[in-house]
Amino acid sequence: MNKVKVRFAPSPTGPLHIGGARSALFNYLYALKTGGDLVLRIEDTDLERSRREYEEEIVTSLRWLGLSWQEGIDTGGANGPYRQTERLDTYRRYTEQLLAEDKAYPCYCSEEELEAERQELLAAGELVRYSGKCRTLSAEEIAVRAAQGIKPAIRFQVPDSKEFVVDDLVRGRVVFHSDNEGDFIIVKSDGIPTYNFAVVIDDSLMGITHIVRAEEHLSNTPRQLMIYQALGLAIPQFAHISLILGEDRQKMSKRHGATSLIQYREMGYLPDALFNFLSLLGWSPEGEEEILKPEEIAAAFSLERVSKSPAVFNLEKLNWINQQYIKKLESTELLSMVQPYLAASEHCQEFEAYDRSKQLLIIETIRDQMVCLKDIKQLIDIFFIEAEADDEARELLATGSAEGVFDQFAAGYPEADAPGEIKAFLKKLVKDNKLKPKDVYMPLRCALTGQMHGPDLPNMISIWGRDECLRRLNQARK
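Now the structure itself:
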């Protein structure tokens, strides 16, 4: 058996979509699992919409996600170039071969003629496909049109009444009939090849053995099979993975929120968390565990466990997975990772005024509330804004017992105010006054923060220190 070789071939017409990232990931995982190679190729034949900045963003996003490849646009390799607009001479040779073998022909139909033909078929309730009227043009008729300066498109001549079968590695046996396809364009009148033509030649010349791609490409497969056979090229194995749907079970779009990988990166989702989450969209490991390292996912991955059913993008699950990864980070690493988001906070200078030990304590204190890294902008507010009691907190502070707790807190505040010392001090207040813990903790929390709930109270007291805590208590007394 030949070495497995897969590819990811995005079009640089926008930021990398989350669905494209999942396709790239599945190809990467399959290559890793089988000891194969991955190729990153850029399909930029949409000249109007393709941009180099999108190409660069795709490469950056995939690298950030943790993917690597053996051949491609930025790494080179023996089968380049890896940008389609740099391979036009190659496509031209194969076009000439099909024309010489009467498997393709020039088509001079205008867009207006094609649209009129389409409307007639729709009105008659017939299958919309090209009639093939340019198939039978004589050499003289072709010469006349050439003399008029009309540049033809090149159409592939679809064989009549032929069956094409794909034993798809995910979807099983799929049968296509050529009678459902009209002669289709393989080269546009400007000389640029169409997707279905260029992709077959590229995959063949680059030695691609397995094509793992989204289900929406299944409809392209019969045309590609026809071209493979017409050119006498080896046909790779196909695996069409399910689409990703929003929670309303509609195709992912902007109405569902962020749709590109770079948006999730900018919000502060961790690459390993997204790697983990995307791998579970349409694939499942054998066990129940859902938090898996990239190497564990690669070891367990198989196309046999890829589902035919659509995958639902569950933001709540992504948030939960990302939280688990944030909780596992060392505080020093997390502090480093949140720096860009801290820089955008109005309290950045106040945070930086603390020494490093207190900065790390703040990070440890709010870590469990962080869904993604950008959350730090709001989560640090509680340390720097004046406490304004909400209705619940006001009601609790209005009880007579709060004043006594405040007095004892002020009188007994320990000289060493590390979190452990503060915790021991608060426990002693509870014990000495024969109170329940909530009778000490709740009035202090409400007075210091204005809220009934929040981060670990001993940590917060330690971060503020004696003077700031007493100032806040005096404000609460007023």
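Residue numbers (the numbering used here): 60 to 537.
Yeah, the Cβ is synthetic: ideal placement off N, Cα and C, and Gly gets one too.
Asked: Residue 497 burial status per 10 Å Cβ neighbour count (16 or more: buried); Found: exposed
Asked: Host alpha helix (DSSP H) of residue 524 (start-end); Found: 516–536
Asked: Which listed residue (110, 92, 135) has its alpha carbon closest to that of residue 73; Found: 110
Asked: Buried versus exposed, by CB contacts within 10 Å (16 or more), residue 245; Found: buried
Asked: Where residue 82 falls, given that 16 or more other Cβ within 10 Å makes a residue buried; Found: buried
Asked: Straight-line gap, residue 342 to residue 366 (C-alpha atoms, nearest Å); Found: 6 angstroms
Asked: Simplified DSSP state of residue 166, which is helix, strand or coil; Found: strand
Asked: Distance CB(residue 236)-CB(residue 272) smaller than 8 angstroms; Found: no
Asked: Start and end residues, alpha helix (DSSP H) containing residue 468; Found: 460–471
Asked: Bridge partners - residue 283, DSSP secondary structure assignment; Found: In DSSP, residue 283 forms no bridge with anything.
Asked: Within 8 angstroms, strictly: CB atoms of residue 430 and residue 378; Found: yes
Asked: Assumed close pair residue 220, residue 238 - CB separation to whole angstroms, cut-off 8 angstroms; Found: 6 angstroms
Asked: Runs of alpha helix (DSSP H) lying entirely within the segment 142–222, each at least 4 residues, in chain order; Found: 147–159, 170–182, 198–206
Asked: Of the listed residues 325, 311, 391, nearest to residue 371 (C-alpha basis); Found: 311
Asked: Residue environment, residue 103, which counts as buried when at least 16 other CB atoms sit within 10 Å; Found: buried
Asked: Residue 397 (DSSP reduced to helix, strand or coil); Found: coil
Asked: Nearest residue (CA-CA) to residue 165, options 202, 231, 187; Found: 202
Asked: Residue 344 to residue 359 span [Cα, whole Å]; Found: 6 angstroms
Asked: Identity of the residue in 257, 467, 318 nearest residue 147 by Cα; Found: 257
Asked: Beta-carbon proximity list for residue 68, same chain, < 6 angstroms, skipping 5 on both sides; Found: 100, 102
Asked: C-alpha gap between residue 462 and residue 494, whole angstroms; Found: 14 angstroms
Asked: Beta-ladder partner(s) of residue 297, from DSSP; Found: 270
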